[in-house]
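Per UniProt numbering, the sequence shown starts with residue 1, numbered consecutively. From the three backbone atoms N, C-alpha and C, an ideal C-beta is built for every residue, glycine too. Data first, discussion second: the structure below is written as structure tokens.
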Amino acid sequence: MLSATGKGKLLGGLLFLLLLGLGVLMVYPFLWMISVSLERTSNIAVPFPPRLIPEQFSLFNYKLVFENGALFKTYANSSIIALFSVLLSVSSALLAGYAFSKGEFRGKKLLFFAVLATMMIPFEARLIPMFSMFNDLGMINTKYPLIFPAIINALGIVLVKQYFDRLPEGLRESAKIDGANEFTIFFRIFAPLTGPITATLAILAFQDSWNSFLWPLVVINDQDMKTVPLFLSSFSSENGTRLMGVTMATAAMSILPIILVFLFLQKYIIRSIALSGLKGE
1 MLSATGKGKL
11 LGGLLFLLLL
21 GLGVLMVYPF
31 LWMISVSLER
41 TSNIAVPFPP
51 RLIPEQFSLF
61 NYKLVFENGA
71 LFKTYANSSI
81 IALFSVLLSV
91 SSALLAGYAF
101 SKGEFRGKKL
111 LFFAVLATMM
121 IPFEARLIPM
131 FSMFNDLGMI
141 NTKYPLIFPA
151 IINALGIVLV
161 KQYFDRLPEG
171 LRESAKIDGA
181 NEFTIFFRIF
191 APLTGPITAT
201 LAILAFQDSW
211 NSFLWPLVVI
221 NDQDMKTVPL
231 FLSSFSSENG
241 TRLMGVTMAT
251 AAMSILPIIL
261 VFLFLQKYII
271 RSIALSGLKG
281 E
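Listed below in structure tokens is the structure:
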């Protein structure tokens, strides 16, 4: 018979093995993508059965991706769009979330329910009205249609409101007693405490902007304006079949910025929680 301590160790070991197996299943497609991108003959035939170690290791596919500089141009386009989208999305979500959490005005609950309702509308239902609006404004084939929709971030507003709800109301009341107005209270007291939620919103907004495919496909026709997902979809041979090796190499390069941003902001989130003084709340 196992003791309570022994049973605990056994369950812990089984749980570790289970999580390890799930982790391997999740990482395997990524590793296979890297393997195919490094396979010299993968554009002719996809390696089968799938293997993690390339049979003919080569950087040929990566040379094809970088040879004409098109990837750098699409990187620049996606980076500019993602940067301004993150700034607009995070800024608007912080301001609106603070207003819904700490503000006092008529119709606050009704407006918040309206924000929640927008999350139930699928993007496909908004696509045609959005296209018509930007077309009337003469913004098709520009970066503006890919940036301006980020101003309204319903999920971000909800997350920020919940975050501000957890912050003590006494901070705001003390500042009001000292004569501070709402803008001063937000920017000098609450904004410095929003590191964790700001980092989370930045990750979500950057990922959403960088990976967006359908909306850029609709509003961008100029080859020089292509984003990374549109560039990724352009690799095919003359008979229409997919150039798998080049596609996988491009896919590997396209997800690198997302991984770097996530790793950087993940450390920032942990540090912000530790320094915010609210860790035990």
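Same chain only: Cβ atoms within 6 Å of Leu-263, ignoring 5 sequence neighbours per side: Within the same chain, no residue comes within 6 Å of Leu-263 by CB-CB distance, once the 5 residues on both sides are set aside.
Nearest-angstrom beta carbon gap, Ala-205 and Ala-150 [assumed within contact, 8 Å]: Indeed, because the Cβ distance is near 6 Å, the residues count as touching under 8 Å.
CB contact flag (Ile-81, Ser-209, <7 Å): Result yes, Cβ atoms of Ile-81 and Ser-209 sit closer than 7 Å.
Length of the line joining the Cα atoms of Ala-114 and Arg-51: Cα to Cα, the separation comes out at about 50 Å.
Sub-7 Å separation of Val-246 and Asn-61 beta-carbons: Pairing Val-246 with Asn-61 gives a Cβ-Cβ distance under 7 Å.
Same chain, Cβ closer than 6 Å to residue 286, neighbours up to 5 away in sequence not counted: Since the first residue of the chain shown is 1 and the last is 281, residue 286 is not available in this structure.
Local Cβ density within 10 Å of Leu-14, reported as buried at 16 or more and exposed below that: Exposed, by the Cβ-count rule.
Met-225: first and last residue of the uninterrupted alpha helix (DSSP H) it sits in: DSSP places Met-225 in no alpha helix (DSSP H); its state is neither H nor E.
Candidates Leu-18, Leu-25 and Ile-157: closest to Leu-116 by CA position: Leu-116 has its Cα closest to that of Ile-157, out of Leu-18, Leu-25 and Ile-157.
Cβ contact check for the segment 161-170 and the segment 100-107: 3 or more pairs under 8 Å: Short answer: they touch.
Inter-residue Cα distance where the pair is Ser-37 and Leu-243: Taking the Cα positions, Ser-37 is about 10 Å away from Leu-243.
Separation of Val-65 from Leu-71, as counted between CA atoms: So the two alpha carbons sit approximately 7 Å from each other.
Among Asn-211, Val-219, Leu-17 and Phe-187, nearest to Ile-128 - alpha-carbon criterion: Check the Cα spacing between Ile-128 and each of Asn-211, Val-219, Leu-17 and Phe-187: the tightest is with Val-219.
With 16 other Cβ atoms within 10 Å as the buried cut-off, status of Phe-190: Buried: at least 16 other Cβ atoms inside 10 Å.
Backbone secondary structure at Phe-30 - three-state DSSP: In the structure shown, Phe-30 sits in a helix (DSSP, three-state: H, G or I).
For Glu-39: DSSP bridge partner residues: Its beta-bridge partners are Phe-57.
Beta-carbon spacing of Met-248, Met-33 below 7 Å: Cβ distance < 7 Å, so Met-248 and Met-33 count as in contact.
From Leu-265, Ile-259, Lys-226 and Ser-233, residue whose alpha carbon lies closest to that of Tyr-75: When only C-alpha atoms are compared, the closest one is Lys-226.
DSSP state of Phe-264 mapped onto helix, strand, coil: Assignment of Phe-264 by DSSP, reduced to helix, strand and coil, places it in the helix class.
Closest residue to Phe-123 among Phe-213, Met-26, Asn-221 and Gln-223 (Cα-Cα distance): The option with the nearest alpha carbon to Phe-123 is Phe-213.
Whole runs of the alpha helix (DSSP H) within the segment 98-133, excluding any shorter than 4 residues: Here the runs fully enclosed are 108-118.
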